[in-house]
Every structure is written in structure tokens, then in C-alpha cells.
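Colleague: One structure follows; several queries about it will come next.
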Amino acid sequence: MTTTALTLLLVMGTLTASAAPSDKPIRYGDRGDDIKVIQKLLAENGFYAEEIDGIFGNSMLQAVKAFQKSHGLIDDGVPGKETMDYMRRKQAVSDKPISYGDRGDNVKISQRLLAENGFYAGEIDGVFGDSMLHAVKTFQEFHRLPSDGVVGKETMAYMRRMKSVPDRYNRVLTVTASAYTRYDPGNGSYTARGHELRKGLVAVDPQVIPLGTRMYIRGYGYAIADDVGGAIRGNRIDLAFNDRSSALQFGRQNVTVYILD
Numbered sequence: 043m044t045t046t047a048l049t050l051l052l053v054m055g056t057l058t059a060s061a062a063p064s065d066k067p068i069r070y071g072d073r074g075d076d077i078k079v080i081q082k083l084l085a086e087n088g089f090y091a092e093e094i095d096g097i098f099g100n101s102m103l104q105a106v107k108a109f110q111k112s113h114g115l116i117d118d119g120v121p122g123k124e125t126m127d128y129m130r131r132k133q134a135v136s137d138k139p140i141s142y143g144d145r146g147d148n149v150k151i152s153q154r155l156l157a158e159n160g161f162y163a164g165e166i167d168g169v170f171g172d173s174m175l176h177a178v179k180t181f182q183e184f185h186r187l188p189s190d191g192v193v194g195k196e197t198m199a200y201m202r203r204m205k206s207v208p209d210r211y212n213r214v215l216t217v218t219a220s221a222y223t224r225y226d227p228g229n230g231s232y233t234a235r236g237h238e239l240r241k242g243l244v245a246v247d248p249q250v251i252p253l254g255t256r257m258y259i260r261g262y263g264y265a266i267a268d269d270v271g272g273a274i275r276g277n278r279i280d281l282a283f284n285d286r287s288s289a290l291q292f293g294r295q296n297v298t299v300y301i302l303d
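Residues in the sequence shown are numbered consecutively from 43, following this note's numbering.
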């Protein structure tokens, strides 16, 4: 083999290795480029809305477990070969346009992305119905896209962009935020507006932040004002989480809220 051919093979091998995670097991606490690849795949599948920082922290752990559980895999939080195969398969499927009346995994992916962007408060059920159509059109109008209600290539690209802070907002508030889940004593499974309680839905004082308001909350992400609470008065909000460990980890803190509507 010539020196030139050998060099070319080595370069190609290096590029291939850097384009995909290595075969070594990846677990909570790991860092590096392999983690970034998985974070991007999780984001493109609608399960991860945090910064692509290459750190396998709690938010990524919950995203991996949620992905595994939704696909009937063992939800151990370890992105092994089977989990990675599913992630890549869903990434390829999700590139197909979807529209009103469609059903299936493509619709679920778009629903999760719309929810993570603060545009959809409904159930992640894989059914492209009226509430999702309204969410898609609102998302398209907000980003100055043709509001045809079809999730095509351009709309999907905007959904996956996941900016840390929105470019446009109406006002900014500093509030005290606490955390809650459906599993807390005395809490129900549904919000005041009738949606299943999950991350991305927030309890507010409607006199300060009207119900239905879309917002971005530093340290939490995009959200919708969807619930109320007896202790939530004035500049106080309550952030919904999917599990108690994440809620306890958040605790109570002052946060900056960007009001989008």
C-alpha cells in the first residue's frame, strides 16, 4: 500500500471515529465529545432542551431514562448500543413532514419539541389534532415562518434550535421559584387548565402572569403558565418537574423570567 493511500485511510478513520460515540459505556458523570453527540440526538428527538455542553448531568440522565421508557427499553439511564440505535432511527424518521390528522412517533417528537419550546401544553400522545395544529401555527408565526400548520424541514429545524435565551420577548421579571410534581402530597395530576402535569408547565399568580402565557425561565427552559396554587401570589411561581429528585434538586431560588407573549 502506498504512503498516500495509508494516510488517506488514517484520516478517514479519524473522521469516522469523531462522528459517532465510542464503544465504551457512557454513564452519569462522564464528560466529553461523546456526551455532546448523545445530547444532540436526544434534543433532535425532543427529549433534551438543555445546553449541549458535553456533561452527563441530572437533566441528561432524566432525558435518557425518558427516551428509554417511551420506547420500551430498560430505563437505566445508560445510553448503550440498543438505546443509541433507537435514537438514530428516530432521528431519521423525524425528518419526514407531518400535518393535521397524522399519528405516530413523528408526531410525538414534534409534540415534545413544541413543549420544550413553550408552545404546547397538551398530552404527548402522537396524535396531530386541533391543539397541536394551533401550537404549530403559533410557533411558525412567532418565528416568522409560513404558518401552514405543517411540520416540514424548516419548521423542524427551528424547533431543534433550542436557543438558551429568546431573541424577542415583551418583558423581564425576577421572581422567586419553587418546584413541585404530581407526586407531592395533596397535588393532582392535572393543571388548572386541564393538562397533565409535567415539566414545562408552571403555576403562577394570574394577576401577574396570565394563564396561557409563554415564557422562558433561566435555569429551567421554555414554559407555559398553566396552573395556580394557594401559596403562589405576586412575584412567585412554581415550576413543575417530572420527578421528585429533580424538584428537590431545584429547591427554591430567584430566577429571571422572559415573558414571550
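Where is the CB? At the ideal position from N, CA and C, for every residue including glycine.
In this text the structure is predicted, and so the values were computed from the model without any measurement.
(1) In its own chain, which residues sit with a C-beta less than 7 Å from the C-beta of Arg240, not counting the 5 before and 5 after it?
(2) For Gly263, which residues does DSSP report across the bridge?
(3) For a test of the three-state rule: what should DSSP assign to Ser152, helix, strand or coil?
(4) Going by DSSP, what residues sit across from Tyr232 in a beta bridge?
(5) For Leu253, which residues does DSSP report across the bridge?
(6) Look up Leu103 in the DSSP assignment and say whether it is helix, strand or coil.
(7) Give the C-beta separation of Gln291 and Ala219 to the nearest angstrom, bearing in mind that I take them to be a contact with Cβ-Cβ under 8 Å.
(8) CB Asp280 to CB Tyr222, shorter than 8 Å?
(9) Please determine if the segment 189-204 and the segment 117-129 are in contact, where contact requires at least 3 C-beta pairs separated by less than 8 Å.
(10) Helix, strand or coil for Val178 per DSSP?
(11) Below 8 Å, how does it come out for the segment 99-111 and the segment 162-178: are there three or more Cβ pairs, yes or no?
(12) With 8 Å as the threshold, decide whether the Cβ of Lys111 is near any Cβ in chain B.
(13) Which of helix, strand or coil does DSSP assign to Val169?
(14) Go to Arg202, then tell me how far its beta strand (DSSP E) extends in each direction, as first and last residue.
(15) Pull up the distance between the alpha-carbon of Asp209 and that of Gln182, whole angstroms please.
(16) For Ala91 and Leu115, I'd like the C-alpha separation in whole angstroms.
(17) Out of Arg260, Arg203 and Arg202, state which residue places its alpha-carbon closest to the alpha-carbon of Leu215.
(18) Nearest to Tyr211 by alpha carbon, out of Gln104, Asp303 and Ser101?
(19) Would you call the CB atoms of Phe161 and Ile140 closer than 8 Å?
(20) Grab me the residues of Ile251's own chain with a C-beta within less than 6 Å of its C-beta, minus the 5 sequence neighbours each way, in chain order.
(21) Let me confirm a value: Ser287 is counted as buried when at least 16 other C-beta atoms fall within 10 Å, else exposed. Which label applies?
Modeller: On the basis of the data shown:
(1) Within the same chain, and ignoring the five residues on either side of Arg240 in sequence, the residues whose Cβ sits closer than 7 Å to its Cβ are Ala282 and Asn284.
(2) The partner list for Gly263 (beta bridge, DSSP) reads Ile259.
(3) Correct three-state label for Ser152: helix.
(4) Bridge pairing for Tyr232: Glu238 [DSSP].
(5) None; Leu253 has no bridge partner.
(6) Helix, per DSSP.
(7) The pair is not a contact, with the Cβ atoms about 13 Å apart (cut-off 8 Å).
(8) Yes. Within cutoff.
(9) Verdict: no, contact absent.
(10) It is helical.
(11) Using a Cβ-Cβ distance cut-off of 8 Å, the segment 99-111 and the segment 162-178 are not in contact, since fewer than three pairs of beta carbons, one from each stretch, lie closer than that value.
(12) In the structure shown, chain B does not exist; there is a single protein chain.
(13) Correct three-state label for Val169: strand.
(14) No beta strand (DSSP E) holds Arg202; DSSP gives it neither H nor E.
(15) Distance between the alpha carbons of Asp209 and Gln182: 15 Å.
(16) Cα to Cα, the separation comes out at about 21 Å.
(17) Ranking Arg260, Arg203 and Arg202 by Cα distance to Leu215 puts Arg260 first.
(18) Minimum Cα distance to Tyr211 is reached at Asp303.
(19) With respect to the 8 Å criterion, Phe161 and Ile140 are not classified as neighbours on the basis of their beta carbons.
(20) Ala267.
(21) Classification of Ser287: exposed, given that the 10 Å Cβ count is below 16.
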